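Participant: For the sequence shown, the residue numbers in my numbering are 532 to 980. First, the structure itself, so that you have it in front of you.
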Amino acid sequence: MSYVVRPGDTLWAIANRLGVGLPQLLAANPQLQNPNLIYVGQRLTVPTAAEYVVQPGDTFYAIAQRYRISVESLAAANPQIENPALIRPGMVIYIPARPVQQYIVQPGDTLWAIAQHFGTTVAALQQANPGVNPYQLRIGQRLNLPVSNQGQEQEIVVPRENYGYDEMMADLARLRQRYPFIEVGSIGQSVLGRDIPVVRLGTGPKEVHYNGAFHGEEWITAVLMMKFIEVYARAQQRGERIGNFHVPTLWRQTSLYVVPMVNPDGVEISQHGVDRSNPYYDLLLQANGGSTNFRTWAANARGVDLNNQFPANWEREAARGPRSPAPRNYSGTGPLTEPEAIAMADFTRAHDFRLVIAWHTQGEEIYWGYEGLEPPESEQITNLFVDISGYRPVRNLQSWAGYKDWFIQDWRRPGFTIEVGRGTNPLPITQFWPIWSRTIGIMLAGLTV
Ligand SMILES: [Zn+2]
532 MSYVVRPGDT LWAIANRLGV GLPQLLAANP QLQNPNLIYV GQRLTVPTAA EYVVQPGDTF
592 YAIAQRYRIS VESLAAANPQ IENPALIRPG MVIYIPARPV QQYIVQPGDT LWAIAQHFGT
652 TVAALQQANP GVNPYQLRIG QRLNLPVSNQ GQEQEIVVPR ENYGYDEMMA DLARLRQRYP
712 FIEVGSIGQS VLGRDIPVVR LGTGPKEVHY NGAFHGEEWI TAVLMMKFIE VYARAQQRGE
772 RIGNFHVPTL WRQTSLYVVP MVNPDGVEIS QHGVDRSNPY YDLLLQANGG STNFRTWAAN
832 ARGVDLNNQF PANWEREAAR GPRSPAPRNY SGTGPLTEPE AIAMADFTRA HDFRLVIAWH
892 TQGEEIYWGY EGLEPPESEQ ITNLFVDISG YRPVRNLQSW AGYKDWFIQD WRRPGFTIEV
952 GRGTNPLPIT QFWPIWSRTI GIMLAGLTV
């Protein structure tokens, strides 16, 4: 079911009127680059909640409240849960679609206009609201909206806390099943033997590359990549636009290669810590100063910062960082010693990328230069990205040996590090949708420049 924006609407008002939360409305409409910029006539998807992952502190009652359903109907939809008083964080529960969606009549509404706005007919509205006089609608009156018989597909990638390697692999399998035209491969393996997947989207000759989670505690960028894969593949399947971008055209012109999680071991260490079954247990504990709290761990499973591993003034970078394994900034004993960095270098050399973006989390900034070796067009592309996102452009940084540094140095083409958020790493998942709304435009525009 969809809703067409009318004059004076705000997303907040629409969410209220539809009786859904603003986050749910945003989640159902990932095409919205800026939630403050909706336009009259724009079609929005009305969310129907499907899967929900239990969060710390949740109760069955609170979840039912949040979705405005009864505890009884929530329990009925979840027969697998024996005791609703015992739900644990991380459990998936199913939120039943509310039997009827309601709409609250606004000044100036007519039944015909409401039917138009919801993509239904006056007859269907009348049928759903027996006894309502279509010529005497009252402001504030509640109308039932006819239940759409078009089953809405559930989202596969659900942003949630501690979205890690297993979640990514499970979602990739489901994405490949639903969108068989995407290609999923591997660029190599991590220190601990995890495959590092790559997803190809598009069939065109122009090659573009995005990667996430070079740094373990920045796993939210892997979720960002995964959500983009889903949204982009779905638009391709449906032959749709996302905003101004006609996806089938982009799909024919470009091949986007996404490596959502460059550093799977680092992500797992950040999310779950280490135990004695880890072959690098002693090294990791020592690198972490003896602490068992690994939440802010950035490096790989040998304490090497993968974004300090590339042959672009590696010695300079190594000289200013720690000299032994550490949670971050240790460059290793030489450039490209770590399997994840080697895999990225081999993968990059095997392609002919027009542009690359490494997605990181800290600073709301776009790094676009390297030692003056970047091409002049990097500046124009940066200006475009800044216009879209509001992030701050930074040309030079006293930093070397990063992936984008190496790409600019060796190819003299546009390479970027984009820091999408602000705060303490790992960023809380509540930052996901705000980050999404600022980056979806860059992810699309990056394919066109
Ligand atoms: Zn980073």
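Where a beta carbon is used, it is the ideal one built from N, C-alpha and C, also for glycine. It should be emphasised that the depicted structure is a prediction, and the values quoted were computed from it without experimental measurement.
Please tell me whether, using a cut-off of 8 Å, the distance from the CB of His993 to the nearest non-hydrogen atom of ligand 1 is below it.
Facilitator: Because the chain is modelled from 532 through 980, residue 993 falls outside the range shown and cannot be assessed.
Participant: Taking the alpha helix (DSSP H) that Tyr898 belongs to, which residues open and close that run?
Facilitator: First-last for Tyr898: Glu896 to Tyr898, but that is the beta strand (DSSP E), not the alpha helix (DSSP H).
Participant: Counting by C-beta, which residues lie closer than 7 Å to a heavy atom of ligand 1, in chain order?
Facilitator: So the residues near ligand 1 by this Cβ test are Phe745, His746, Glu749, Ala829, Asn838, His891, Thr892 and Gln893.
Participant: Apply the 10 Å Cβ neighbour rule to Asn831 and answer buried if 16 or more other Cβ atoms are within range, or exposed otherwise.
Facilitator: So Asn831 ends up on the buried side.
Participant: Out of Ala558, Pro561 and Val577, which has the shortest C-alpha to C-alpha gap to Val536?
Facilitator: It is Val577 whose Cα lies nearest to the Cα of Val536.
Participant: I'd like to check one pair, Phe825 with Pro866: are the Cβ atoms closer than 9 Å?
Facilitator: No. Outside cutoff.
Participant: Using beta-carbon positions only, say whether Ser855 and Asn794 come within less than 9 Å of one another.
Facilitator: It is not a contact, given that the beta carbons lie outside the stated cut-off.
Participant: Would you call Asp702 buried or exposed, if buried means 16 or more other Cβ atoms sit within 10 Å of its Cβ?
Facilitator: When all chains shown are included, Asp702 counts as buried.
Participant: Helix, strand or coil for Ser909? Go by DSSP, reduced to three states.
Facilitator: Three-state result, Ser909: helix.
Participant: Count the other C-beta atoms from every protein chain shown that fall within 10 angstroms of the C-beta of Ser987, then say buried if there are 16 or more, exposed otherwise.
Facilitator: What is shown of the chain runs 532 to 980, which leaves residue 987 out entirely.
Participant: Answer yes or no: do Ile973 and Ile939 have a C-beta to C-beta separation smaller than 9 Å?
Facilitator: Contact flag unset, no.
Participant: So Pro924 and Val917 are supposed to be a Cβ contact under 8 Å. How far apart are they, rounded?
Facilitator: Confirmed, about 5 Å.
Participant: Pro791 to Tyr694, Cα distance in whole Å?
Facilitator: Near 12 Å, if we compare the C-alpha coordinates of Tyr694 and Pro791.
Participant: Run through the DSSP bridge pairs and tell me what Gln929 is partnered with.
Facilitator: Gln929 is not bridged to any residue.
Participant: To which residues does DSSP link Tyr634 through a beta bridge?
Facilitator: For Tyr634, which the question treats as bridged, DSSP gives the partners Leu674.
Participant: For Trp750, which residues in the same chain have their Cβ closer than 6 Å to its Cβ, ignoring the five residues on either side in sequence?
Facilitator: Result list for Trp750: Ala744 and Val798, in chain order.
Participant: Check for me: the alpha helix (DSSP H) holding Arg705 runs from which residue to which?
Facilitator: From DSSP, the alpha helix (DSSP H) with Arg705 extends over Tyr696 to Arg709.
Participant: Is the Cβ-Cβ distance between Gly747 and Ser786 less than 9 Å?
Facilitator: Not in contact: Gly747 and Ser786 (Cβ atoms no closer than 9 Å).
Participant: Expressed to the nearest angstrom, what Euclidean distance is found between the alpha-carbon atoms of Gln647 and Gly977?
Facilitator: Gln647 and Gly977: Cα-Cα distance of roughly 35 Å.
Participant: Whose C-beta lies closer than 6 Å to the C-beta of Tyr982 among residues of the same chain, with five residues either side of it excluded?
Facilitator: Any question about residue 982 goes unanswered here, given that the chain covers just 532 to 980.
Participant: Looking at Asp726 and Gly733, is the spacing between their C-beta atoms short of 9 Å?
Facilitator: Going by C-beta atoms, Gly733 is not nearer than 9 Å to Asp726.
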